[in-house]
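Be aware that the sequence shown starts at -19, since it is given in my numbering, and climbs by one per residue. Built from N, CA and C at the ideal position, the CB exists for glycine as well. Computed from a prediction, not measured in an experiment: that's the story for all the values here. Structure, as structure tokens:
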Amino acid sequence: MRTADIAKRYLTYFQKHGHLVMPSASLISPNPTTLFTIAGMVPFIPYLLGEQTPPATRVTSNQKCVRTLDIDEVGKTTRHGTFFQMLGNFSFGDYFKEEAIHYAWELLTTPQDQGGYGFDPEKLWVTTFTDDEEARSIWKNEGFDPEHMQVFGMEDNFWTTGGPGPGGPCSEIYVDRGPEYGRDGGPAADENRFIEIWDLVFENYEVDNVKSKTDLHIVGELEHKNIDTGAGLERLAYLMQGKQNIYETDEVFPVIEAAEKLSGRTYGEDADADVRFRVVADHVRSALMIMSDGVRPSNVGRGYVLRRLLRRTVRSMRMLGVRDHVLPTLFPVSEAAMEPNYPELKDTFHEVSESAYGEEDAFLRTLESGTTILDVAVDQAKRNHGEVSGEDAFKLHDTYGFPIELTLEMAQEQGVKVDEAKFRELMHEQKSRARADALKKRHNVDLSVYDDFKKTLAKPIDFLGYTDFSSRST
Ligand code: ATP
């Protein structure tokens, strides 16, 4: 089943059970504490908190998500994308635990020719929260094998917003890929063999004192209990399509094939090269989807995350031996693979791709000028104490526009460290000098006109950091 069809089947199933199908919200998070939409529930937070009236008490969606938190996992595990799609069904004070578990079980185990996903019940495992006897008994009544249930504490199986408000236990559903993929013993033993596909959150408590998850205080039961679930579309797709990981599914793999052609190398022959192929496929798709929602490369916030994704793509292709431009080949391939599910991509593709290609141009120039200097510094480091000096890292930044993250990454690839502390010290000194210079100038020139200008126009800017490293269950 194609990824788009798996998504459609989910929405159709829940529509049949009285859910209103909602379109995906933008990847640009409406929530000011995160840069991107990181879960299906994000657009529904006002309804879950009871602050706004939802359009229906049962809704379902296929939400575009970006989690930069998972960037280091990409290509290395079988199941983490920076961009992915989270299917979800939500109840705002309507049905609760019993129906949520029943729906999940029914959709997963009903044969494919009868509208379900056709998973073998014997391959499914669930985890539940320590005190949630109710969930365990519902799963058993559905016919779930008690031997395939595991119990976890607050840290893993209790959800909160991170502050006072609603909270509740969750139950996660896993698929066992089989003994050839790892150890026996369920999700507690091996999360590469047992793949988490769906998280059901039962919001029935009001909590406070949420400083630490192991020490929170349950104030009481909520009047309106909510259901919030999240199922990873790419994870379902890879398991249902009999693939080895999410990067080999129909929406992602065409980029790997295009990268194979560009590089003249074959995916599946070398473990390190395979990680690079997968990083490329993931990052190209993420960049495309983020740009289609209006983000452009820049040095702050979302634009910086995007810039890193594009640069990592270019660098990964370099490590596969391609020194020329790659995005003009890879971007259209990704767009074609995603278009069946997102026909609106074609409306902005011309502008989006031109911007991406411009970014690649600029980055290739930066790389040309800085790489030789870095290589010399790395060689020296290898001969001396295994560390690129802070002075060299600073020079790369200051003269060649090499961001420190790039220096760190490239040095790490060659097995050497960077004296980051010295680099930061030099950056600090440079800033102090610039401030002192500005002050000197200020004393010589009357800048009061600018002060008025600043007062009327300047607004404080919230610096959101370079990445939104926050994440949550579902
Ligand atoms: P994991 O521990 O495997 O990283 P998670 O606990 O962070 O997953 P949730 O926050 O519960 O996942 O998200 C709900 C579902 O979304 C997961 O069950 C999974 O199927 C999917 N999912 C989460 N993160 C990713 C990702 N980076 N790439 C692809 N799918 C994901």
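Within the segment 223 to 300, the runs of alpha helix (DSSP H) that reach at least 4 residues and sit entirely inside it are, in chain order, 233 to 243, 251 to 272, 281 to 299.
Between the alpha carbons of Leu344 and Ala414 lies a gap of roughly 29 Å. Secondary structure of Met220 (DSSP, three-state): helix. For Gln43, the secondary structure class from DSSP, reduced to helix, strand or coil, is strand. Burial is judged here by how many other beta carbons sit within 10 angstroms of a residue's own beta carbon; Gln130 has at least 16 and is buried.
Excluding residues up to 5 positions away in sequence, Ala361, Val396, Lys397, Val398, Asp399 lie with their Cβ nearer than 8 Å to the Cβ of Glu367 in the same chain. Under the criterion of beta carbons closer than 8 Å, Cys45 and Met66 qualify as touching, at roughly 5 Å. Glu228 and Met299 have their C-alpha atoms roughly 20 Å apart. For Asp188, the CB contacts under 7 Å within the same chain, skipping 5 residues up- and downstream, are Pro144, His197, Val199 in chain order. In terms of Cβ geometry, Arg265 and Val232 form a close pair [threshold 8 Å]. When the Cα atoms are used, Ile25 and Gln32 turn out to be separated by approximately 9 Å. The ligand ATP approaches Trp178 closely enough that one of its heavy atoms is under 7 Å from the residue's Cβ.
Taken atom to atom, the span from the alpha-carbon of Thr62 to that of Tyr218 is near 16 Å.
Looking at the DSSP output, Ile8 bridges to Phe16. Within the same chain, Cβ atoms closer than 7 Å to the Cβ of Pro308 are found at Tyr337, the five residues on either side in sequence being excluded. Considering only Asp262, Thr387, Thr90, the residue with the shortest C-alpha distance to Glu122 is Thr90. Between the segment -1 to 10 and the segment 33 to 52, the count of Cβ pairs shorter than 8 Å is three or higher; the stretches touch. For Ala168, the secondary structure class from DSSP, reduced to helix, strand or coil, is coil.
Contact annotation: Trp139 and Gly133 have beta-carbon atoms that are not nearer than 8 Å. Val358 and Phe403 have their C-alpha atoms spaced approximately 15 Å apart. By the Cβ-count criterion, His377 is buried, with 16 or more other Cβ atoms from all chains shown falling within 10 Å of its own Cβ. Here Thr110 is exposed: its Cβ has fewer than 16 other Cβ atoms, across all protein chains shown, within 10 Å. Counting along the chain, no alpha helix (DSSP H) covers Met2; the unbroken beta strand (DSSP E) around it starts and ends at 0 to 2. The alpha-carbon of Thr246 is positioned some 23 Å away from that of Met318. Residue environment: Val306 is assigned as buried (16 or more neighbouring CB atoms within 10 Å of its CB, all protein chains considered). Unbroken beta strand (DSSP E) stretches of 3 residues or longer found wholly inside the segment 48 to 72: 63 to 72, given in chain order. At least one heavy atom of the ligand ATP lies closer than 7 Å to the C-beta of Asp50. Bounds of the alpha helix (DSSP H) holding His330 are 325 to 363.
Lys397 has Glu367 as its beta-bridge partners, per DSSP. In the displayed model, Thr89 falls within a helix according to three-state DSSP. In this structure, DSSP gives Asn137 a helical state, which the three-state scheme calls helix.
Distance from the CA atom of Arg282 to the CA atom of Ala251, rounded to whole angstroms, is 31 Å. About 7 Å separates the beta carbon of Asp262 from that of Gly55, a gap short enough to meet the 8 Å contact definition. Burial state of Arg303 is exposed, judged by a 10 Å Cβ sphere holding fewer than 16 other Cβ atoms. The segment 266 to 285 and the segment 67 to 83 do not touch, with fewer than 3 CB-CB distances between them shorter than 8 Å. The criterion of a C-beta distance shorter than 8 Å is not satisfied by Trp119 and Ile175.
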